[in-house]
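This report refers to the structure that appears directly beneath it.
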Amino acid sequence: MDHASPMTRWLKGLALTLVVIFFMFPILWIVLMSFQTNETILRMPPSVVFTPTLENYQALITGKLVSSAGVLEIQFMRNLMNSVILSVCSVALSLLLGVPAAYAFARHKFRGSEDIAFTLLSFRFAPPLLVLLPLALYFQDLGLANTYIGLIWVYQLICLPLILWIVRGYFEDISPDVEHAYRLAGHSWFSTFRRIALPLAGPGIAAAGLLAFIFAWNNFVFALVLASADKQPVTVGALAFVTASGIQYGQIAAGIVLSIAPTLALALYAQRYLVEGLSLGAVKG
Amino acid sequence: MSAPALELDRVSKIYGAKAARPVRAVDAVSMSVAKGEIVALLGSSGCGKTSTLRMVAGFETVSEGAVRIAGREVNRVAPAKRNVAMAFEGYSLYPPLTVRENIAFALKSARLPREEVARRVAEIAHLLEIEPILDRYPASISGGQQQRASLGRALIREADLHLLDEPMGQLEPALRALLRGRIKHFVKERGLTAVLVTHDQTEANALADRIAVMEGGVLQQFASPAELKDRPANLFTGTFIGEPPMNVFQAQARAEGDALRLGLGEGVALDYPAAGFEPAVRETILKRGRVTLGVRPHAVRLDPAGAPAEVAANQWLGDQSHIAASFAGGTLVTVEHDRARLRPGDRIGVRFEPADLHVFDGETGAALSHGGRAA
Amino acid sequence: MTERKPPAIEIDAVTKRFKTDVALDAVSLSVAEGETLALFGPSGAGKTVLLRVIAGLVEADAGRIRIGGRDMDDVPPEERGVGMAFQNFALFPHMSAFDNIASPLTARRQSGEALRAGVEKLATMLKIGHVLGQAPKALSNGQKQRTALARALAGGPRTLLLDDPLRNVDAKLRFEMRLELPRLLAREKATTIYVTQDYREAMALGDRIAVLEGGRVTQLGTPEEVYLAPATLSVARLFGDPAINTLKVTPQTDGQGPFVLLSDLRAPLDDGLSHAAGRPCVLGLRPEAVRFTEAGAPGAVAVTVEAETPLNEKTVTLVTTKRGREILVSRPAGTPGPAEGAAHIAVDSAHALLFDAETGARIAPRETTRRGAAA
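Chains as they are written, first to last, in the UniProt record's numbering: chain A, 1 to 285; chain B, 1 to 375; chain C, 1 to 375.
Right, here's the structure in full:
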C-alpha cells in the first residue's frame, strides 16, 4: 500500500512520533513523579532533573503515609489485594457463565434468543447509580453488603455482557462445518465444544477476558457504595491520598504505577494469544 | 508507436524481505499485453497470479522490477490514479447502494449525463442477466449475482486496463458458459484490454487471446491456447493444460540400430524408426538419456499389436469415455469418443504415434521435442 | 445391484423448509448396500441440505431417515456411523493433518500404535503420508481434500456422505480423483451418497444418479437412463457439455405415421406417438448426435457455419439452418470438419429426444432402458 516518496515517508514517521509522545507523556510523567517527593513535583518551573527516591513506594507498602501533618495510616496494599480478588474472581465467574452462554447464543437460534442476548447487553446501558441505590438496600437485608461475594455478583453487570457479546461473535465466525465434522467423527457435542469451539475461539475469549478485567479493575461506583474500607479496591482507596494537609502527588503517582502494573502485565501476556489468534486465519476461511 | 497496455518488467513480490527466509511470491515475471488483448493469468492457488494482479492494480507494492500501464511506470502511483478498473473475487460491492447504484457509481463520479448512465447500465445489466436485481441491495442477492454485479461495475468503466479476479468462480456452469461468450464479445467490441486471473483453464481458453501459465511465482509460458496445448514449454505446462491431463512416463532413451528405443520400465519399450524424429532431436534425446514422455489422452491409439496395458476403469460421460489403464508401472488415460465397452481387467494394446509424442528433459522438465520436431 | 438386502439408506418423504422456502419437497430415495448414489443438481436444488438431514446436522420438518434399517429420528450425528467430507474441507485448523484424520479413531478411544497404524495406512493410500505432521494451513488444496477424505473414511463408516469434495481442487487433481475414487469406495465397501454439480462426476461415479431440482427428485436412474432418456427437458439440459440443442417442433401425422419436420426434412417418429401430433413439442438433439455430411446424402440439411471453438478434446461448431435455428455440432478434436460457410448436417434420429413443450415431460423415446443396453 506504500506508494510514498522518501520525503512523505519521513513526514509520516515524524507525525507518528508526535502522536506516540502525546499519548505516552502522561504515563511517563506519572512514572517520573512516583520517584519524587511532593516538593520536587510542585517546584516551579518543573524539571525532569531530580534525585530519585523510593519514599513513595515505601510509604505505600508499609502503609504509613508521612506528611507535614503527621503520620497517616493507609491501606493501599490491602486495597490492591481487594482489586485483585474482585477482578480475578468476577472475570473467572463471567467466563465460566458467559462462554457457554455465548456458544449457545451463537449456535442455537431459538425463540427469544436475540431478546435474551440483548437484555443482557442492556445491563451495560443502565446508569449504575440508578441500579445501586435499591441494590444497596437489598444487599443490606440479604447480608451481602460489604462481602466479596456480593461485590463479585454486582461486577457481573460489567463483565458478563462484555464477554457474552464479544465471545459470541468469535463463535459465530467458526465455520459450523468444522464442528459438524468433529461430531460426525463420533464425538459428543460437549467434547466438540471443548476440543473445537473453545480452542478456536481462544483468542476471542482472551481478548474479552482482558477487556472485562480492565473494566472490573477500573470500576469505582459499585465498590464506593457497596464496600467499606476493608473490601475497597484501589480505585476507591485512592481517595485516602487526599489528606487534610494537601494532595500527596508522589504517593498517588506511585499508587497509579502499582495499580496499572497488573493490568499491564496481563495485557502483555495475553497479547501473545491475541496475535496467535490473528495468524490462525484458517478459522474463518 | 503506441506503448503496450500493460508491461511487466522483471516484476517480483517478496514477502518478509527482512525475515530469515523471504518468500518470493512472484519471481521476475516479464510480460507485455497489447492494447485490445485479453490475457489470462492461469495457475493453481498460491502460484502468484493474484499477487501479480494486485501489483498491477496497486494493492501490493512492487518489490522489484517495474509495472507500466500505457507506457507509464506506476510502481509508486496510487491505485485510484492508475486508470484501472477491477472486478474482485470477493465481490466487494458497496453495501448501502443498490446494484444499479453500484454499477453506475464510477460513471456518476465522472459526471456523465443521466440518460447516458442509464443506457449503459441497462446494456451491461442485460449482458450479465442481472436486470431483475438492479434495485436490490448487495446483502439480499446471491453470491453469483453479487459477482456479476461486481463484474458489471468494472466492465462499464472506460479504463486503460480491466482487471478481473476470478470473475466467474461463483456462477452456475450453464450461466458461466453463456457469459464467457458475451463478455469476450463485449470486451472485443469496445477494444478494451483485459487481464483476468483464473484457476479454470476452460475459462482461460474460452476468454483469452493469450494465457500466462504461472507456478511457484514463476511465469512458465505465455502463449496462445493452441500453442500451450501443442507446444508446451515444459512438463508443468504440458500436464497443467488439457482435460483430461497429459499422460507422462519416465523413459530411458537408447539407440537401437537406426531406431530410437524408449524404455518405460516393467519391460515396456517403444521403438521409433528414424523417420519419426528429426536427426537433431533424436541426437538430443539420446544424449539426455533420461527423458519424460508425454502423450495427450486423445492421442493414445488402441491397437491390439501395441504395448500391453490393463484396463482399471472405464468412465462413460455421455459423449466420451475416459479409460484408465495400468501401463508400464503407471496409469495411462485415454479418451474414446464413442462409448467404449471395456471393463476393468480387460487387456488392451496401446500405441503412440511419433507425431503425438512430447519429450521433456528428465531432470529440468524443459521441452525437447513436440511430434518429433525440436521444441 | 443386490436385491434381497434391505436398503442401506432409506430416505422417506423428507421435507425441509427454511422460513417460506421449500428446500426439500417430500424427497424419497433408497440406496442399496455398497452402492454409490450420485446426487446431482444445480446449486440451490437442496443436495447439501439432504446430505445434512441424513447426517443429522439439520432436522427435517417431516419424513424419516433409516440407516441400515434403523430409524434415525432420535439418533445424534455422532452415533449414526456416518463419515462425511465437506465441500470446504472443514478441517480442524488447530490440529495437524494426522490429528484430523485420527479424530474418528480417538472418538473410539483408540490410541498408541493401533491409531498410528490406522492413520498411516489411509494416508499412504491417499498419498498424503508425507504431510501428516503439518497444519491444514500449510497444505495445498489437493492435500486438504485428501486429508478430509481420509478423515471421513478413518472410522470405517458404513455410510459415506461426500459433499462435492472435488469442487475446490484444480482440474488435474479432480480428474485423478475421479478415476481413483470408485476403487477407493469399492475397497472401503461403504454405501456412498456423492453430491456434485458436475454431470461428468455424477455419470462417472454414480451407480445410479438422482437428479434433484428445486427440492424434488426429477429423475432417478443409471447414467445411461439419465443421459439417453432424460425424464424431462430440464434434466436433459443439465447433462452434456455443450448443452443439448432444443428446437420447437409440432409433430404431424400422415399415411406413413407420425413425423416431425426439420427444415424440409421429414424425420419419422415411433408409431406409438401419433397422439403427440399437433401438440407443441421440443426436440432435443445432443451436439454429438448431429454430424456433418455430404450434400445430397440421405437426411442432409443445409446449414451455414458460424463459429468453431475447441472444448475438452472436442470441436464445437455453431451452425444455423435456413430458418435461422442455431444448432451446436460437436466432433472429436482433430477429425475433419466442414468447409467454411455452407455445410450439411444429418441427425441420427435414433438419438433424438422429444419433450412436451408445456410440461417438459419426455414423449420419445418411450422406454428408458432399451438403448442404454444396446449402446
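From the three backbone atoms N, C-alpha and C, an ideal C-beta is built for every residue, glycine too.
This structure is a prediction, so every number in the text was calculated from the model and none was measured.
- Find the residues of chain B that neighbour C:Gly240, judging by a C-beta separation of less than 8 Å, and give them in chain order. Under a criterion of Cβ atoms nearer than 8 Å, the residues of chain B adjacent to C:Gly240 are, in order, Gly318 and Asp319.
- Looking at C-beta atoms only, is the number of pairs between the segment 91-98 of chain A and the segment 205-219 of chain A that lie closer than 8 Å three or more? Three or more pairs of CB atoms, one per stretch, sit closer than 8 Å, so the segment 91-98 of chain A contacts the segment 205-219 of chain A.
- Nearest neighbour of C:Thr106, chosen from A:Gly255, A:Leu60, A:Leu72 and A:Arg183 [CA to CA]: A:Arg183
- What is the rounded straight-line gap between the Cα of C:Asn245 and the Cα of B:Asn247? Spanning the two alpha carbons is a distance of roughly 33 Å.
- Message: Helix, strand or coil for B:Cys47? Go by DSSP, reduced to three states.
- Response: If DSSP states are grouped into helix, strand and coil, B:Cys47 belongs with coil.
- Message: Against chain A, does C:Phe86 count as a neighbour if the rule is that its beta carbon must be under 7 Å from one of theirs?
- Response: yes
- Do you know how far the Cα of B:Asp165 is from the Cα of B:Gly371? 36 Å
- Message: Please state the DSSP three-state secondary structure of C:Glu213.
- Response: Strand.
- Task: For B:His370, go through chain C and note every residue whose CB falls closer than 7 Å to its CB, in chain order.
- Result: Residues of chain C passing the Cβ test: none, with the nearest at roughly 15 Å.
- Message: Can you confirm whether C:Ala186, when its beta carbon is compared against all beta carbons of chain B, has any partner nearer than 7 Å?
- Response: Put simply, the CB of C:Ala186 is far from chain B, with every gap to its CB atoms at 7 Å or more.
- Task: Could you tell me whether any Cβ in chain A is nearer than 7 Å to the Cβ of C:Pro104?
- Result: yes
- Message: Between C:Arg362 and chain B, is any beta-carbon pair separated by less than 7 Å?
- Response: no
- Beta-carbon proximity list for B:Ala28, same chain, < 6 Å, skipping 5 on both sides: Arg10 and Ser12
- Is there at least one Cβ from chain C nearer than 7 Å to B:Val218's Cβ? no
- Residue span of the alpha helix (DSSP H) that contains C:Ala138, given as start and end: Per DSSP, C:Ala138 belongs to no alpha helix (DSSP H) and is neither H nor E.
- Which stretch, first to last residue, makes up the beta strand (DSSP E) that contains B:Ala305? Arg301 to Trp316
- Query: Whole alpha helix (DSSP H) runs in the segment 257-306 of chain B with 4 or more residues, listed along the chain?
  - Reply: 279-288
- Item | Three-state class that DSSP yields for B:Val218 in the structure shown | strand
- Can you name the start and end residues of the beta strand (DSSP E) that B:Lys13 belongs to? Leu6 to Tyr15
- Message: Taking 7 Å as the threshold (beta carbon to beta carbon), is C:Asp164 in contact with chain B?
- Response: no
- Item | Member of C:Val260, C:Ala302 and C:Phe259 whose CA lies at the smallest distance from the CA of C:Ala339 | C:Ala302
- Determine the DSSP secondary structure at C:Asp25, reduced to helix, strand or coil. strand
- Given a threshold of 16 other Cβ atoms within 10 Å of its Cβ, counted over all protein chains shown, does B:Gln147 qualify as buried or as exposed? The residue is buried, with at least 16 neighbouring Cβ atoms inside 10 Å.
- Query: For a contact meaning CB atoms closer than 8 Å, what does B:Ala313 contact in chain C?
  - Reply: Leu179, Pro182 and Arg183
- Task: Could you round the C-beta distance between B:Ile103 and B:Gly169 to whole angstroms and report it? I think they count as a contact, below 8 Å.
- Result: Contact doesn't hold; Cβ gap of about 20 Å is too wide.
- Message: Can you tell me whether C:Lys189 is helix, strand or coil according to DSSP?
- Response: Coil, per DSSP.
- Task: Using the Cα positions of B:Gly329 and B:Val268, report the straight-line distance between them to the nearest angstrom.
- Result: 9 Å
- Message: According to DSSP, simplified to helix, strand and coil, what is B:His358?
- Response: strand
- Query: At a cut of 8 Å, does the segment 80-99 of chain C reach the segment 139-147 of chain C through at least three beta carbon pairs?
  - Reply: Touching, yes.
- Does DSSP put A:Asn56 in a helix, a strand or coil? helix
- Message: Let me make sure I understand the geometry here. Which of C:Ala277, C:Leu354, C:Gly324 and C:Thr293 has the alpha-carbon closest to that of C:Ser234?
- Response: C:Leu354
- Message: Buried or exposed, going by whether 16 or more other CB atoms sit within 10 Å of the CB of B:Tyr15?
- Response: exposed
- Item | Min CB distance B:Glu172 to chain C below 7 Å | yes
- Query: Which residue spans inside the segment 117-166 of chain C form an unbroken alpha helix (DSSP H) run of at least 4?
  - Reply: 141-154
- Task: Reducing DSSP to helix, strand and coil, say where B:Asp165 ends up.
- Result: Of the three classes helix, strand and coil, the one that applies to B:Asp165 here is strand, per DSSP.
- Would you report the Cα separation of B:His126 and B:Arg100, rounded to the nearest angstrom? 12 Å
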